[in-house]
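Structure record follows, encoded as structure tokens.
In our numbering, the protein residues as written are 55 to 466.
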């Protein structure tokens, strides 16, 4: 069994396949695991916060902020028809009923994944610089109102949460700056944040100890399938396998297309800034999300990471000043004395986004080819559960959760 992709999703998949008794090899084009979308994002593991980017009010919010000096979104001028088709599909998914369906699908998987992640963490005693609690901040009353559909779903599904006024927010997170406008917040006490690459590298070691082989600096260029299995075109060679799991982020779409499998996945670029903490009393205790700017602030050991923004139309990891200014503004607005943000290390990466939000997990119409793709900005939150359910499907077991809306069948 071959797994293409060494991000957190691919490594979790490989681990659970090996645990189920399969002989597994992971093929990764970088020199180590967790080097692209898994590398330096916000690190939030929050089923309560894992919601579709396609939400009511988002198109208006998106287009109204495009010209602001600091903005949560950016759209690069391009004639790329693929991007505009994706944007149209995304806008259609912003209707309230579609949002509710997509949110519940993502929440189902995220809740399960959080439980599986904790089982792995407790069993192997993995420390990945985790912190407890996620606090979503609303700068204005309008921000709070736009969050109401998501809050209603939390209540319907009995997800522990607290809707707080400004005073209540500051009780949870006393280091918040007092002069930044704050209309209230949403507190998710059972959610968490942590260092995704650190966890992935530790799980790689564990997977290796139970037989998983990792082949780095190896690029899969094509996949062929026949009745006996699959053939992988890796660099200059051809290698047989019984089956393959495609978990290669944005590269997945290119590998699947020649097989006749078309997925509406598009790269949405995200950014992060990571700075050393200089004043621990002024640093966050929880993971904090600024709802207006869609930026997360997390504490990872002795560092603070500010991560977010979404840029469409970009095809490189070039750092864009406007996005970096947004991150520095949000960090400085809420925790100005916690770190020297001007000396931060900056990063950008492509998140493989589907227009409706939930990932695609399971079999494909092509024999012996499986997928675990399209997690977008929630890959870390969904990775452990996604890997477990796919390993169950491949092994012939019924998954622990309902897979409705999480497979390729939702695209007909």
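Where a beta carbon is used, it is the ideal one built from N, C-alpha and C, also for glycine.
Do residue i and residue j have their C-beta atoms within less than 7 Å of each other?
i: residue 353; j: residue 185; result: yes
i: residue 74; j: residue 437; result: no
i: residue 95; j: residue 398; result: no
i: residue 322; j: residue 364; result: yes
i: residue 81; j: residue 341; result: no
i: residue 137; j: residue 367; result: yes
i: residue 439; j: residue 170; result: yes
i: residue 88; j: residue 254; result: yes
i: residue 403; j: residue 151; result: no
i: residue 301; j: residue 59; result: yes
i: residue 242; j: residue 215; result: yes
i: residue 261; j: residue 68; result: yes
i: residue 197; j: residue 100; result: no
Alpha carbon to alpha carbon, what distance is there between residue j and residue i?
i: residue 127; j: residue 238; result: 23 Å
i: residue 102; j: residue 292; result: 44 Å
i: residue 338; j: residue 199; result: 25 Å
i: residue 418; j: residue 280; result: 14 Å
i: residue 106; j: residue 274; result: 30 Å
i: residue 188; j: residue 149; result: 26 Å
i: residue 153; j: residue 142; result: 15 Å
i: residue 23; j: residue 208; result: One cannot answer for residue 23 here, as it falls past the ends of the chain, which runs 55 to 466.
i: residue 309; j: residue 194; result: 44 Å
i: residue 379; j: residue 452; result: 47 Å
i: residue 118; j: residue 177; result: 47 Å
i: residue 167; j: residue 173; result: 10 Å
i: residue 359; j: residue 183; result: 12 Å
i: residue 258; j: residue 65; result: 6 Å
i: residue 217; j: residue 115; result: 22 Å
i: residue 85; j: residue 92; result: 14 Å
i: residue 156; j: residue 383; result: 31 Å
i: residue 146; j: residue 288; result: 38 Å
Measure from the alpha carbon of residue i to the alpha carbon of each residue in the options, then state which is nearest.
i: residue 140; options: 409, 429, 420; result: 409
i: residue 313; options: 385, 421, 151, 159; result: 421
i: residue 63; options: 429, 357, 462; result: 429
i: residue 278; options: 171, 311, 111, 213; result: 311
i: residue 144; options: 109, 380, 173; result: 109
i: residue 303; options: 351, 433, 106, 132; result: 433
i: residue 266; options: 402, 79, 252, 203; result: 79
i: residue 406; options: 369, 423, 385; result: 369
i: residue 77; options: 299, 116, 173, 147; result: 299
i: residue 163; options: 247, 466, 458; result: 458
i: residue 228; options: 450, 249, 335, 248; result: 335
i: residue 448; options: 296, 464, 125, 132; result: 296
i: residue 122; options: 404, 346, 359; result: 346
i: residue 282; options: 456, 93, 423, 100; result: 423
i: residue 130; options: 426, 57, 276, 374; result: 374
i: residue 240; options: 203, 256, 249; result: 203
i: residue 180; options: 226, 276, 250; result: 250
i: residue 431; options: 385, 348, 396; result: 348
i: residue 425; options: 392, 463, 206, 385; result: 463
Quick check on residue i: buried or exposed, where buried means 16 or more other Cβ atoms within 10 Å of its Cβ?
i: residue 294; result: exposed
i: residue 191; result: buried
i: residue 264; result: exposed
i: residue 442; result: buried
i: residue 333; result: exposed
i: residue 412; result: buried
i: residue 387; result: buried
i: residue 465; result: exposed
i: residue 133; result: exposed
i: residue 247; result: buried
i: residue 125; result: buried
i: residue 221; result: exposed
i: residue 305; result: buried
Suppose the cutoff is 7 Å on Cβ atoms and the five residues either side in sequence are ignored; what does the same chain contact list for residue i look like?
i: residue 219; result: 238
i: residue 390; result: 231
i: residue 357; result: 328, 329, 330, 331
i: residue 461; result: 414, 415, 416
i: residue 377; result: 128, 325, 363, 365
i: residue 211; result: 161
i: residue 455; result: 162, 163, 166, 443
Below 6 Å CB to CB, which residues in the same chain sit around residue i once its five sequence neighbours on both sides are set aside?
i: residue 343; result: 190, 350
i: residue 319; result: 307, 406, 408, 428
i: residue 285; result: 278, 292, 294
i: residue 71; result: 55, 78, 445
i: residue 315; result: 418
i: residue 160; result: 104, 411, 412
i: residue 401; result: 94, 326
i: residue 252; result: 182
Between residue i and chain D, is any beta-carbon pair separated by less than 7 Å?
i: residue 92; result: Among the protein chains of the structure shown there is no chain D, as only one such chain exists.
Under 8 Å Cβ to Cβ from residue i, same chain only, skipping five residues before and after it: list those, please.
i: residue 223; result: 189, 191, 230, 236, 238, 239, 241
i: residue 205; result: 215, 217, 240
i: residue 256; result: 178, 180, 182
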